[in-house]
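Numbering (our numbering), first residue to last: 92 to 584.
Here's the structure, in structure tokens; my notes come after.
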Amino acid sequence: MYTQPPPNYGSPPGPPPNGPQQVYGEKRDFDQKFAIEKPKWNDWWAGLLLIAVFLGFVAVSGITIQGYSSTYGFNGGGIYGSQNTFGLSTNTIILFAFVLTVAVVLSYAYMWAARVFTKQFIWITGILNIVFGFVTAIYMLSRRYWSGGIVFLIFSIFYVFCFISWIPRIPFSVLMLRTAIDVSKKFGHVYLVSLIGGLLAAALGAYYSVTLVAIYVKYHPGNNPACNTGAGGCSNAKVIGLVVFVTFAMYWVSEWLKNTIHVTISGVYGSWYFSPNNFPKRATRGALKRALTYSFGSISLGSLLVAIIQFLRQICSAAQQSAAQEGNIVGTILFCCLQFLIAILDWAVQFLNRYAFSYISLYGKAYIPAAKATWKMVKDRGIDALINECLIGPVLSMGAFSIAYASALLAYLYLIFTSPAYNQDGSYTPVVVAFAFVIGLQVCQIFTTPLSSGVDTIFVAMAWDPEVLIAQHGDLYDTMVQVYPHVQQAIHA
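Shown next as structure tokens:
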């Protein structure tokens, strides 16, 4: 039996004491291959809190949808015919249905492109992202929608500089992406998990969209007949409070879904790395089971941190657009700077989460110990240099932003051409466009999670036991040395 040595935190760390154990000639399942010495429900309080928040979301949804259904005729049965002049209506629900459909179709096409055009994928992503960004910005500016146009223009210019600086790193990134896709074609149910996760994300987006509109229909003050039905009493405070709550809940649940997919796929790639010739049975099912049981709380905790940051970023973006519409230049600049700082924090937390969750998938640790151990391991081994050299994470983010741009542009065009009664003065345009952008972004990120998960897990496994890469994946190691010679320093650190 081949058993890996215990960790040594005084020097570069080795594999965990309960790490993968290899028995040649014997076919093991995932739970045996990556056995947890003393299984327990880690960070259970965060899991309970997530369930409580989701149940609160369901309760708010039930009450508000009841108010919407009781005034369905007033809000119109389709794109036109609404008498609602004070808030979102059925017209908006149809808009979000179009946005979700476009987001799902484009996300699936994007995954297909990654599989078929692997070598050209990074170039395709960068060019599409820049083109989508500039098209959206130019069109908004031509319509004198200054706040949205300026924001999209700034981001597009920023991505041009980023992409030019990334060109020397493309060969190494293509290699890692090709490796992840090759593994996904041979082992596990990577694309099935991606499809199911994407459809669940679309369902969550649809549920959120209907709830968001129903909140405005039910509680927005004005000539609103819904105020006299059910739990009545309309006020702007109720609308703002409930929108804040359901938006935060949507962020948290969607992040949890994305990270659950990540943990599941990490189990598949970890199994491939440590046992390429004796792949464990039921690897996908075993990793998913662990994600939904012992690691449910840990995934919820890591997702909570990201949800809080992204929620603050969204509030800051809305405030910036509002200040721009009012002509408040100082406020616009301040909120732009604050949004940039929050974006950096978001990147740092998500960066740590990706590798911590890969570790959690294989070794079942709690979130904070896993994050600490993973960070120390990555730094001590020098794998952070490889991670920084790999563009898969940024490229997939650019792809998600491209689809988010398309979703936002669709929402903007829809509002112009349908001209709903509630938006005659354009006051709801920033809100609707922002929510369409978020929905498109979240759906695409969940669809593409399996690709980034594969690359992340390979890096984590390389850091825990680099000798496995040399011994059992010699061809991959040799190719890595050819496209990025400095890999030898990290592997032999």
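Cβ coordinates follow ideal geometry from the N, Cα and C atoms, glycine included.
Being a predicted model, the structure only gives us computed values, none of them experimental.
Comparing alpha-carbon positions, the option among Tyr201, Gly388, Ala502, Phe550 lying closest to Ser357 turns out to be Phe550. A check of alpha carbon separations from Asp134 across Pro576, Gly388, Ala527, Pro460 identifies Gly388 as the nearest. Across the set Ser544, Tyr568, Pro557, Ile561, the C-alpha of Ser544 shows the shortest separation from the C-alpha of Ser285. 8 Å or more divides the Cβ of Ile287 from the Cβ of Pro541. When secondary structure is reduced to three states using DSSP, Lys129 falls in the coil class, being assigned neither helix nor strand.
One thing to note: Val546 has its Cβ within 8 Å of the Cβ of Ala271. Counting C-beta atoms within 10 angstroms of its own C-beta, Ile221 has 16 or more neighbours from the protein chains shown and is therefore classed as buried. Lys372 sits in a strand when the DSSP states are folded into three classes.
Within the same chain, Cβ atoms closer than 6 Å to the Cβ of Arg445 are found at Asp547, the five residues on either side in sequence being excluded. In the three-state scheme derived from DSSP, where H, G and I count as helix and E and B as strand, Asp120 is classed as strand.
Excluding residues up to 5 positions away in sequence, Thr302, Ala305, Ile306, Val308, Lys309, Tyr310, Leu333 lie with their Cβ nearer than 8 Å to the Cβ of Thr155 in the same chain. Residues Val524, Ala527, Phe528 of the same chain have their beta carbon placed closer than 6 Å to that of Ala499, with the five preceding and five following residues left out of the count.
Taking one beta carbon from each stretch, the region 564-579 and the region 255-263 have 3 or more pairs nearer than 8 Å; the two touch. For Arg206, the enclosing alpha helix (DSSP H) begins and ends at 181-207. Bounds of any alpha helix (DSSP H) do not take in Gly455, whose DSSP letter is neither H nor E.
Going by beta carbons, Ile433 and Cys407 fall inside the 8 Å limit.
Shortest Cα-Cα distance from Val144 to any of Ser275, Ser391, Ser247 involves Ser391. Contact between Thr539 and Gly490 holds, with the beta-carbon distance rounding to 7 Å and staying under 8 Å.
Taking C-alpha positions only, Val337 is separated from Gly531 by approximately 17 Å. Rounded to the nearest whole angstrom, the CA to CA distance from Ile459 to Ser449 is 13 Å. C-alpha of Thr465 to C-alpha of Ser488: approximately 22 Å in a straight line. In the DSSP assignment, Thr351 falls within the unbroken alpha helix (DSSP H) covering 327-365.
Non-local beta-carbon contacts of Gly393 in its own chain, meaning distances under 7 Å to residues more than five positions away in sequence, involve Asn350, Asn444, Ala447, Phe448, Tyr458 in chain order. Inter-segment contact for the region 195-208 and the region 244-257 is absent: fewer than three beta-carbon pairs are separated by less than 8 Å. DSSP places Ile287 inside the alpha helix (DSSP H), whose first and last residues are 281-310. Counting the other Cβ atoms within 10 Å of the Cβ of Ala150 gives fewer than 16, which makes it exposed. The three-state secondary structure of Arg381, taken from DSSP, is helix. For Ser493, the uninterrupted alpha helix (DSSP H) run begins and ends at 483-509, by DSSP. Straight across, the Cα-Cα distance linking Asp516 with Lys380 is about 51 Å. By the neighbour-count definition (other C-beta atoms within 10 Å, threshold 16), Asn368 is an exposed residue. The beta carbon of Trp132 sits closer than 8 Å to the beta carbons of Gly138, Thr384, Tyr385, Phe387, Gly388 from its chain, once the five residues preceding and following it are set aside; these are given in chain order.
Separation of Gly361 and Ala552 (C-alpha to C-alpha, rounded to the nearest whole angstrom) is 7 Å.
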